[in-house]
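Visitor:
Residue numbers (the working numbering): 31 to 421.
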């Protein structure tokens with residue numbers, strides 16, 4: 031354990047001590063509670079590959095099979111969540127927290143970091159099977175740390191200090207800090223304006239050496255099963271400590287059955303010998319054909335579960351997104367050694383049979399470009415789908 035990780039663990043220990051201070055439980059008759067929840071996402075993908083690059087294979091997968099237990103334990107709240115879909119069980123949220131009224135909430139453990147509207151919106155409630163490239167490749171995801179979050183008026187803010195390690199990935203060494211602020215003036219059902227900004231500073235120890243994985247940004251433009259269409263935008267694997275600065279600007283609106291949103295995100299990578307720059311942006315438009323409206327959680331600054339389905343056959347939503355990402359990398363004082371971009375159009379149709387049961391269908395047209403040689407590396411069309419249930 032290096033001194034930075036030890037320091038983070040020391041902070042966590044102090045906070046745990048503070049959390050253990052006796053406090054009035056919300057329900058004196060039930061000091062310990064437990065609620066079981068989960069989600070099941072069954073996916074498929076079929077591909078129409080061109081002759082450039084390797085061919086993606088048509089496939090199916092259990093994308094997510096999550097089970098969680100949450101509740102309170104005397105003075106603190108807790109949550110334990112795991113994904114059983116892979117070859118091994120993977121921990122997600124595993125934390126305890128304590129609310130201090132209007133001052134905010136303290137969280138300790140492993141939790142999803144506060145970065146971007148796209149990433150913070152649950153996979154249960156997004157309009158597309160996959161989030162945009164920036165949320166998938168740049169968002170810190172689940173990390174061990176300490177955070178404080180609050181909801182003063184029309185604002186939300188959250189800040190955290192976290193390790194780059196997680197419960198299932200101790201090989202990634204480093205430390206980081208980040209946060210997110212959002213503003214939504216007097217949101218109401220069918221009328222929401224959302225603005226936000228996210229920042230993160232991460233310091234990786236020796237990526238690519240001493241058992242630590244390389245630090246790479248390689249998006250899948252045609253969905254989660256399009257591994258053969260990956261494009262490597264930056265690659266830091268020489269074993270030198272690498273500093274990463276990340277940011278994202280958020281905008282979204284809801285007007286009745288219509289909604290639209292976009293984000294502009296970026297990151298810089300620097301190991302003292304070379305630098306990488308990544309920029310990404312997406313724009314999306316959604317329409318509930320059956321008249322429902324997209325729900326918004328003003329306490330956390332993100333979209334939530336659809337409410338009040340109007341028809342016996344369910345709700346139907348159409349959505350369209352354009353998503354692009356570009357990355358360049360160069361040795362100090364030298365021209366670019368890589369400069370690539372990826373883009374994708376996605377048309378989505380979502381049938382909500384109930385508020386927690388839906389079928390999703392996406393049609394994707396993606397393209398990868400090598401800008402150094404002005405050539406197209408990959409052009410892939412895909413049809414992807416999901417049957418989703420959560421409880």
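Yeah, the Cβ is synthetic: ideal placement off N, Cα and C, and Gly gets one too.
Can you pull the DSSP bridge partners for residue 326?
Guide: If you number the chain shown from 1, residue 326 lands on position 296. Answer is 333.
Visitor: Here's a check: name, in chain order, each residue in its chain whose Cβ is nearer than 7 Å to the Cβ of residue 297, leaving out the five neighbours to either side.
Guide: The count along the chain shown starts at 1 and reaches residue 297 at position 267. Excluding residues within five positions, the ones whose Cβ falls inside 7 Å are 168, 274, 275, 276, 308.
Visitor: Straight-line CA distance for residue 410 to residue 379?
Guide: Position 380 of the chain shown holds residue 410. Position 349 of the chain shown holds residue 379. For residue 410 and residue 379, the distance between alpha carbons rounds to 20 Å.
Visitor: How about residue 313 and residue 352: do their beta carbons lie closer than 8 Å?
Guide: Residue mapping note: residue 313 aligns to position 283 of the chain shown, counting from 1. Residue mapping note: residue 352 aligns to position 322 of the chain shown, counting from 1. Result yes, Cβ atoms of residue 313 and residue 352 sit closer than 8 Å.
Visitor: When you compare the CB positions of residue 321 and residue 287, do they come within less than 8 Å of one another, or not?
Guide: Here residue 321 refers to the residue found at position 291 when the chain shown is read from its first residue. Here residue 287 refers to the residue found at position 257 when the chain shown is read from its first residue. Going by C-beta atoms, residue 321 is nearer than 8 Å to residue 287.
Visitor: Between which residues of its own chain and residue 294 is the CB-CB distance below 6 Å, once the five residues before and five after are set aside?
Guide: Translated into positions along the chain shown, residue 294 becomes position 264. If we look at residue 294 and ignore the five residues flanking it on each side, its Cβ neighbours are 279, 311.
Visitor: For residue 40, which of helix, strand or coil comes out of DSSP?
Guide: As a working note, residue 40 is residue 10 in the chain shown. Here residue 40 scores only 43 on pLDDT, less than 50, and its place in the model should not be relied on; the value that follows carries that caveat. Residue 40 falls in the helix class under three-state DSSP.
Visitor: For residue 140, does the count of other Cβ atoms within 10 angstroms reach 16, so buried, or fall short, so exposed?
Guide: As a first step, residue 140 is located in the chain shown; it is residue number 110 there, counting from the start. Residue 140 should be labelled buried.
Visitor: For residue 340, count neighbouring C-beta atoms within 10 Å of its own C-beta (all shown protein chains included) and say buried if the count is 16 or more, exposed if not.
Guide: As a position in the chain shown, residue 340 is number 310, starting the count at 1. Exposed, since its Cβ has fewer than 16 Cβ neighbours within 10 Å.
Visitor: Quick check: what's the CA-CA separation for residue 28 versus residue 59?
Guide: Nothing about residue 28 can be reported from this structure: the residues present for the chain run from 31 to 421 only.
Visitor: Residues in the same chain with beta-carbon distance under 7 Å from residue 84, minus the five sequence neighbours each way, listed in chain order, please.
Guide: Taking the chain shown and counting its residues from 1, one reaches residue 84 at position 54. Contacts found: 258.
Visitor: If you reduce the DSSP assignment to three classes, tell me which class residue 46 lands in.
Guide: To locate residue 46, count along the chain shown from 1; it is residue 16. Residue placement at residue 46 is poorly supported in this model, since its pLDDT is 42, which falls under 50; the coordinates still yield a value, given next. Residue 46: helix per DSSP, three-state reduction.
Visitor: Determine which residues share a DSSP beta bridge with residue 126 and list them.
Guide: Sequence index remark: in the chain shown, residue 126 carries index 96 (1-based). 108, 138, per the DSSP bridge assignment.
Visitor: By DSSP's criteria, residue 224 is part of a beta bridge. Which residues make up the other side?
Guide: Mapped onto the chain shown, residue 224 falls at position 194. DSSP output for residue 224 lists 282 as bridge partner(s).
Visitor: Taking residue 417 as the reference, which of 126, 300, 149, 158 has the closest Cα?
Guide: Working through the chain shown from its first residue, we reach residue 417 at position 387. Nearest option by C-alpha distance: 158.
Visitor: My output table needs one value for residue 51: the three-state DSSP class, helix, strand or coil.
Guide: Here residue 51 refers to the residue found at position 21 of the chain shown. Below a pLDDT of 50, predicted positions are generally treated as unreliable, and residue 51, at 42, falls in that range; no measurement from the model is reported.
Visitor: Using beta-carbon positions only, say whether residue 349 and residue 315 come within less than 8 Å of one another.
Guide: Walking along the chain shown from the start, residue 349 turns up at place 319. Walking along the chain shown from the start, residue 315 turns up at place 285. Yes, they are a contact pair.
Visitor: For residue 64, which residues from the same chain have a beta carbon less than 8 Å from its beta carbon, with the 5 sequence-adjacent residues on both sides left out?
Guide: Locating residue 64 in the chain shown gives position 34, counting from the first residue. Cβ neighbours of residue 64 beyond the five flanking positions: 99, 100, 101.
Visitor: Report the rounded CA-to-CA distance for residue 346 versus residue 338, giving the unit in angstroms.
Guide: Taking the first residue of the chain shown as position 1, residue 346 is located at position 316. Taking the first residue of the chain shown as position 1, residue 338 is located at position 308. Distance between the alpha carbons of residue 346 and residue 338: 13 Å.
Visitor: Quick one: what's got a C-beta closer than 6 Å to residue 377's C-beta in the same chain, skipping five residues either side?
Guide: As a first step, residue 377 is located in the chain shown; it is residue number 347 there, counting from the start. For residue 377, where only same-chain residues beyond five positions count, the Cβ hits under 6 Å are 350, 393.
Visitor: For residue 368, I'd like the list of residues in its chain whose CB is within less than 6 Å of its CB, leaving aside the five on either flank, ordered along the chain.
Guide: Within the chain shown, numbered from 1, the residue matching residue 368 stands at position 338. Once the five neighbours on either side are set aside, the close Cβ partners of residue 368 are 359.
Visitor: Would the region 118–125 and the region 68–86 be scored as touching if the rule is three or more Cβ pairs under 8 Å?
Guide: No, the region 118–125 does not touch the region 68–86.
Visitor: Going by the CB atoms, is the gap between residue 229 and residue 204 shorter than 8 Å?
Guide: In the chain shown, counting from the first residue as 1, residue 204 sits at position 174. In the chain shown, counting from the first residue as 1, residue 229 sits at position 199. Not closer than 8 Å, so no.
Visitor: By DSSP, does residue 133 sit in helix, in strand, or in coil?
Guide: The residue given as residue 133 occupies position 103 in the chain shown. Helix, per DSSP.
Visitor: Which residue or residues does DSSP assign as beta-bridge partners of residue 410?
Guide: The count along the chain shown starts at 1 and reaches residue 410 at position 380. Answer is 79, 396, bridged to residue 410.
Visitor: Classify residue 239 as helix, strand or coil using the three-state DSSP reduction.
Guide: Stepping through the chain shown from its first residue, residue 239 is reached at position 209. Coil, per DSSP.
Visitor: Where does the unbroken alpha helix (DSSP H) through residue 165 begin, and where does it stop?
Guide: One-based indexing of the chain shown puts residue 165 at position 135. Where residue 165 is concerned, the enclosing alpha helix (DSSP H) stretches over 163–167.
Visitor: Per the DSSP calculation, residue 254 is bridged to which residue(s)?
Guide: Working through the chain shown from its first residue, we reach residue 254 at position 224. For residue 254, which the question treats as bridged, DSSP gives no partner whatsoever.
Visitor: Helix or strand or just coil, what does DSSP make of residue 403?
Guide: Working through the chain shown from its first residue, we reach residue 403 at position 373. Three-state result, residue 403: coil.
Visitor: Determine the DSSP secondary structure at residue 150, reduced to helix, strand or coil.
Guide: For the purposes of this step, residue 150 is identified with residue 120 of the chain shown, where counting begins at 1. Helix at residue 150.
Visitor: Which whole runs of the beta strand (DSSP E) in the region 173–205 are 3 residues long or more, in chain order?
Guide: List check, beta strand (DSSP E) in window: 185–193.
Visitor: For the ligand ATP, is there a heavy atom less than 7 Å away from the beta-carbon of residue 148?
Guide: This structure lacks the ligand ATP, and indeed carries no ligand of any kind.
Visitor: Under a three-way DSSP split, which group does residue 259 fall into?
Guide: Here residue 259 refers to the residue found at position 229 when the chain shown is read from its first residue. Three-state DSSP puts residue 259 in a helix.
Visitor: So, helix, strand or coil for residue 171, using DSSP?
Guide: By 1-based counting over the chain shown, the position of residue 171 is 141. In this structure, residue 171 counts as coil in the three-state DSSP scheme.
Visitor: Just the C-alpha distance for residue 91 and residue 143, rounded to the nearest angstrom, thanks.
Guide: Within the chain shown, the letter at position 61 stands for residue 91. Within the chain shown, the letter at position 113 stands for residue 143. Those two C-alpha atoms are separated by around 26 Å.
Visitor: So for residue 114, helix, strand or coil by DSSP?
Guide: Your numbering for residue 114 matches position 84 in the chain shown. Coil at residue 114, not helix or strand.
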